[in-house]
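Shown next, in structure tokens, is the structure this report addresses.
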Amino acid sequence: MRAADRLDRLEGRARLTAPARQAVPVECFAEDLRRICGRFGVEPGAAAPGRIHGSVTTRHLARFETAIVALDAERVRRDARMIRADPGEHLFLLIQDQGHCRIEQGARATVLGPGDMFLADSARPSEFIYGADGSSQISIHLPRDEGVRRFGQIATGGIGIARDDPLATAMQAVLVRLTGADPATAAPLGEALMSLLGAYFRCVEAGLGPAGRPGDRMLADALRIIEDCARHPEFDVDHLAGRLGVSRRTLQRRFAALGETVSGRILRARLDLAWARLAAAGPDPRSGGIAAIAFDAGFNDLSYFYRAFRGRFGTAPGAVRRDAALAP
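Final position of the sequence shown in the numbering used here is 329; the numbers increase by one with none missing.
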């Protein structure tokens, strides 16, 4: 893997080293940006009129197309005319990797430094102000329809996620794992990222207060432990409470603020893991049967697994495996 495509652990956060910058005509840079992210207007800095020092490259993290954007523009904007010509189909989860950026969307103005995150809405006008200083960002493209369905209207119109928020730390950890994940683990990690975003928005809606409160940190730790340990059949609410050093009642109360239960979150993590392994296994006999995959995902009752799987995904485990085998 090239250094330009490597996610490193720096200062306790995920960091994607930006591709080498090169001087390109602003029109070429804008076209690369349009091809990957949609239509935007790019204003170069006064010191280099007509040119941008930077690049736009792509990769995939799980099922999400991801852009790495390095530039020294004065500003980048997306106005109503551009949206009409190129309707927005994504929510852009932006991670500021290097430099700084001021994002204005709707009534919000948010300044990002390295490690800060922002969920930008491609269906709403926006402006990204860089001040002609070198900047690089990771842009993970989430389907807008899915995001609105899962997160509600809070996900539209732009919202910032500070780097010191415990849930942001958990998201960064998932991104680190995603870069080197094989197909069997990429799908559940992608789902974990979406779940953590949902948890963050529910905390905001519930008015749980500023980032970094002990209760919020405990919740972020709980979500991380569930993703790590759900595959073990003996892992349950009591085990999780013990790992966190809190009572079962306290743990249930924190999850109630998210509109779910601890046991429900553990079950969802197991089902997502089973689905990912079934989809990755396809016809490969070395992957074992459905029973083996269910057990490896943390289930010890096969009939319960079948019922829960159909209840969550609306299809049988065998159908997921057959569809994967028939995929080109």
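Just so you know, even glycine gets a beta-carbon here, dropped at the ideal spot from N, CA and C.
- If you compare the alpha carbons of L168, R271, A295, I141 with that of R64, the shortest gap goes to I141.
- Closest in alpha carbon position to A71, among A124, Q97, E90, is Q97.
- About 11 Å separates the CB atoms of Q106 and A124; that is not less than 8 Å, and the two are not in contact.
- In this structure, the beta-carbon distance from V25 to P45 does not fall below 7 Å.
- Assignment of beta-bridge partners to A293 by DSSP yields no partner.
- Here the segment 145 to 160 does not lie against the segment 174 to 190, with fewer than 3 beta-carbon pairs under 8 Å apart.
- In this structure the segment 263 to 270 touches the segment 224 to 236; the number of beta carbon pairs closer than 8 Å is three or more.
- Distance check between A242 and each of Y305, M219, C102 places M219 closest, using alpha-carbon atoms only.
- Spatial neighbours of L303 in its own chain (CB-CB distance under 7 Å, excluding positions within 5 residues in sequence) are listed in chain order as A292, A295.
- Here the segment 50 to 57 makes no contact with the segment 80 to 91; the two share fewer than three CB pairs at distances below 8 Å.
- Taking C-beta atoms as the reference points, T111 and G148 fail to come closer than 7 Å.
- Taking the Cα of D33 as reference, the smallest distance to any Cα among A49, Q253, P50, T58 is reached at T58.
- Less than 7 Å separates the beta-carbon of F202 from that of F152.
- In the DSSP annotation of this structure, H233 is not part of any alpha helix (DSSP H), being labelled neither H nor E.
- One thing to note: I130 has its Cβ within 7 Å of the Cβ of R76.
- Cβ contact annotation for R249 (same chain, cutoff 7 Å, sequence separation greater than five): V238, D239, A242, in chain order.
- The beta-bridge partner set that DSSP reports for V77 consists of V43, F129.
- DSSP places G148 in the helix class (H, G or I) of the three-state scheme.
- By the Cβ-count criterion, G290 is exposed, with fewer than 16 other Cβ atoms from all chains shown falling within 10 Å of its own Cβ.
- Contact between W276 and F314 holds, with the beta-carbon distance rounding to 6 Å and staying under 8 Å.
- Exposure of G312 is indicated by the presence of fewer than 16 other C-beta atoms within 10 angstroms of its C-beta.
- Within the model, the alpha-carbon separation for G114 versus G135 is close to 12 Å.
- The C-beta distance from P189 to L274 rounds to 5 Å, short enough to meet the 8 Å contact threshold.
- Approximately 6 Å separates the beta-carbon atoms of P126 and R79; this is inside 8 Å, confirming the contact.
- Between R225 and A171, the CB-CB gap stays under 7 Å.
- Beta-bridge analysis with DSSP links M118 to I96, I162.
- For V247, there is no enclosing alpha helix (DSSP H), as DSSP marks it with neither H nor E.
- According to the DSSP assignment, Q106 belongs to the beta strand (DSSP E) that extends over 102 to 106.
- Collapsing the DSSP output to three states places E66 in a strand.
- Within the model, the alpha-carbon separation for P318 versus D324 is close to 10 Å.
- Between R35 and L92, the CB-CB gap reaches or exceeds 7 Å.
- For P167, there is no enclosing beta strand (DSSP E); the residue is part of the alpha helix (DSSP H) that begins and ends at 167 to 180.
- Nearest to G42 by alpha-carbon distance, out of A48, F30, D166, A49, is F30.
- Excluding sequence positions up to five before and after A187, its CB lies within less than 6 Å of the CB of A63, all in the same chain and listed in chain order.
- Burial state of R254 is exposed, judged by a 10 Å Cβ sphere holding fewer than 16 other Cβ atoms.
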